Amino acid sequence: MDDTELHRERILRHVSPIITGRFVGFQTSYTREVRIGRPVAIVVFLTAGIAQLLASLFRMKPARRSLKELRKGPEFLVTPVRLRDDLGQTYEIEMHGQLPQSALHRGDLVQVRTQPQSDPQLPVRLMQVVNLTTMQPLTPRIPTQWSHMGPVMLMQAAVGVLFAGAVLALWLR
108 MDDTELHRER ILRHVSPIIT GRFVGFQTSY TREVRIGRPV AIVVFLTAGI AQLLASLFRM
168 KPARRSLKEL RKGPEFLVTP VRLRDDLGQT YEIEMHGQLP QSALHRGDLV QVRTQPQSDP
228 QLPVRLMQVV NLTTMQPLTP RIPTQWSHMG PVMLMQAAVG VLFAGAVLAL WLR
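Counted from 1, the sequence shown has number 259 at position 152 by the working numbering; the numbering is strictly sequential.
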């Protein structure tokens, strides 16, 4: 056993929804992909396809994306954050998204609201942090499945739903 293993600090993961402590620092960030559910992707893809078909009839160039691209989902930044409480215990929390670099400085007193993740092996997720040193509330922003699909695709899907609804109403009349 070498000297580094003797002095390795113990990192706690399972914590209450609110943690108050000193900001120790950010760890190395990485990206994680969020998959979009098959039913949502198929409904948006098919209804947008109706609008794309209509656009091609009027010789307009529709925006096209494959179902595979749509299901892939957005990637977001994951940054492990470490906090130390008054007892000297270190907690690791995952922050999804980004915060301004100047928002937190080593040693700042912070209060963090967390939420457990669907995978119990992962640390809890940071939902909101209040820097008690500066009294600044901070919320990391991440892309959603709707922002990943994009406004053009969602507008095409809405037009497709309206057109399909109109055709169905005429047919049932």
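From the three backbone atoms N, C-alpha and C, an ideal C-beta is built for every residue, glycine too.
Just so we're clear, the structure is a prediction, and the values are computed from it rather than from any experiment.
Residue i to residue j span [Cα, whole Å]
| i | j | result |
| --- | --- | --- |
| L234 | M262 | Checking the sequence, you will find Met at residue 234 rather than Leu. Taking the straight line joining both Cα atoms gives about 30 Å. |
| V259 | I200 | 35 Å |
| N238 | L277 | 58 Å |
| L216 | T127 | 7 Å |
| A148 | S254 | 13 Å |
| S136 | P187 | 7 Å |
| H212 | D226 | 29 Å |
| L194 | S173 | 53 Å |
| G272 | V150 | 14 Å |
| R191 | Q208 | 19 Å |
| F297 | I118 | Outside the displayed span of the chain (108 to 280) sits residue 297, for which this structure offers no information. |
| L161 | Q224 | 42 Å |
| Q134 | T197 | 13 Å |
| R280 | L269 | 16 Å |
| S123 | R220 | 9 Å |
| M242 | L164 | 57 Å |
Beta-ladder partner(s) of residue i, from DSSP
| i | result |
| --- | --- |
| E201 | P187 and R232 |
| G132 | R189 |
| T154 | T154 is not bridged to any residue. |
| I118 | T197 |
| I125 | R220 |
| V76 | Shown here, the chain extends from 108 to 280; a query on residue 76 therefore has no answer. |
Under the three-state DSSP convention, the category residue i falls into
| i | result |
| --- | --- |
| V217 | strand |
| P223 | coil |
| Q263 | helix |
| R142 | coil |
| L279 | helix |
| L174 | helix |
| I249 | coil |
| P244 | strand |
Same chain, Cβ closer than 6 Å to residue i, neighbours up to 5 away in sequence not counted
| i | result |
| --- | --- |
| A155 | M260, Q263, A264 and G267 |
| Q222 | R232 and M234 |
| P146 | none |
| L245 | L206, A210 and V236 |
| P230 | R120, E199, I200 and E201 |
Cutoff 7 Å; reference residue i; Cβ partners in own chain excluding five residues on either side
| i | result |
| --- | --- |
| H203 | F183, V185, R232, P247 and I249 |
| M256 | V151 and L177 |
| G132 | R189 and R213 |
Taking contact to mean 3 or more Cβ pairs, one atom from each stretch, closer than 8 Å, check whether the stretch 172-182 and the stretch 130-142 are in contact. Inter-segment contact for the stretch 172-182 and the stretch 130-142 is present: three or more beta-carbon pairs are separated by less than 8 Å.
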